[in-house]
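Undergrad: One structure coming up, written as structure tokens, with questions to follow.
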Amino acid sequence: MQQFDLIAKTVASLGYELVDVERGERGILRVYIDFPADAVEEKGPITVEDCATVSHQLSHVFTVENVDYERLEISSPGLDRPVRTLADFARFAGHECTVKLRVAMPGTANRKTFTGILRGVENDKVGLEIENKDGAALLEFTLAELDKARLVPQVDFRSRKA
């Protein structure tokens, strides 16, 4: 079983969703978790306790499976969460997102990077509403054409109560 699949299976068994895995310098293994889309409203954001639970379980699994790492870090994906799967693009429809494509799309003046509002998924194509010189336009792309995508953080400091 591949490492990503092993981590995803373990994380899912605990009621979380694997967002990403990174290998860092000096043997650091970073695992980003979130709640599944249907549980976010009920459970809220990922807490330190959630990260500790996943860390404890993965440590045991890695020992049994002989996974090589020096230090394990578990984290929430943060405000600028990566968006990778069709389910992610559907889940975050209506949110602002920055997308980098592998190659420039026809009619985009050789651009590969776009920021716009996700409009969901239809027929395995992701829709991103972008602004160009002629006004709003819908950019459609497949996951095969995608290099990377991240949500644009939305922070409102004015709504904080004193």
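Numbering (numbering that gives the first Met the number 0), first residue to last: 0 to 161. Here a beta-carbon is modelled for each residue, glycine too, at the ideal position from N, C-alpha and C.
1) Under the DSSP definition of a beta bridge, which residues are partnered with residue 74?
2) What is the DSSP secondary structure of residue 99, reduced to helix, strand or coil?
3) Since residue 125 is in the alpha helix (DSSP H), which residue starts that stretch and which ends it?
4) Taking the alpha-carbon of residue 164 as reference, which of 21, 77, 14 has the nearest alpha-carbon?
5) Considering residue 4, what are the terminal residues of the alpha helix (DSSP H) in which it resides?
6) Taking only the alpha-carbon atoms, compute the straight-line gap between residue 13 and residue 19 and give it to the nearest angstrom.
7) Which value, in whole angstroms, describes the spacing of the CA atoms of residue 63 and residue 40?
8) Do residue 150 and residue 49 have their C-beta atoms within less than 8 Å of each other?
9) Could you give the DSSP three-state label for residue 42: helix, strand or coil?
10) My assumption, with CB atoms under 8 Å, is that residue 66 sits in contact with residue 32. Please give the rounded CB distance.
11) Whole-angstrom Cβ separation of residue 120 and residue 140, contact assumed at under 8 Å?
12) Could you give the distance in angstroms between the alpha-carbon of residue 7 and the alpha-carbon of residue 117?
13) Output the boundary residues of the beta strand (DSSP E) element that contains residue 117.
TA: In brief:
1) 31
2) strand
3) Element bounds for residue 125: not the alpha helix (DSSP H) but the beta strand (DSSP E), 124 to 131.
4) Because the chain here runs from 0 to 161, residue 164 falls outside it and cannot be looked at.
5) 2 to 12
6) 16 Å
7) 34 Å
8) no
9) helix
10) About 17 Å separates the two Cβ atoms, so there is no contact after all.
11) That belief does not hold up - the Cβ atoms of residue 120 and residue 140 are roughly 11 Å apart, past 8 Å.
12) 25 Å
13) 112 to 121
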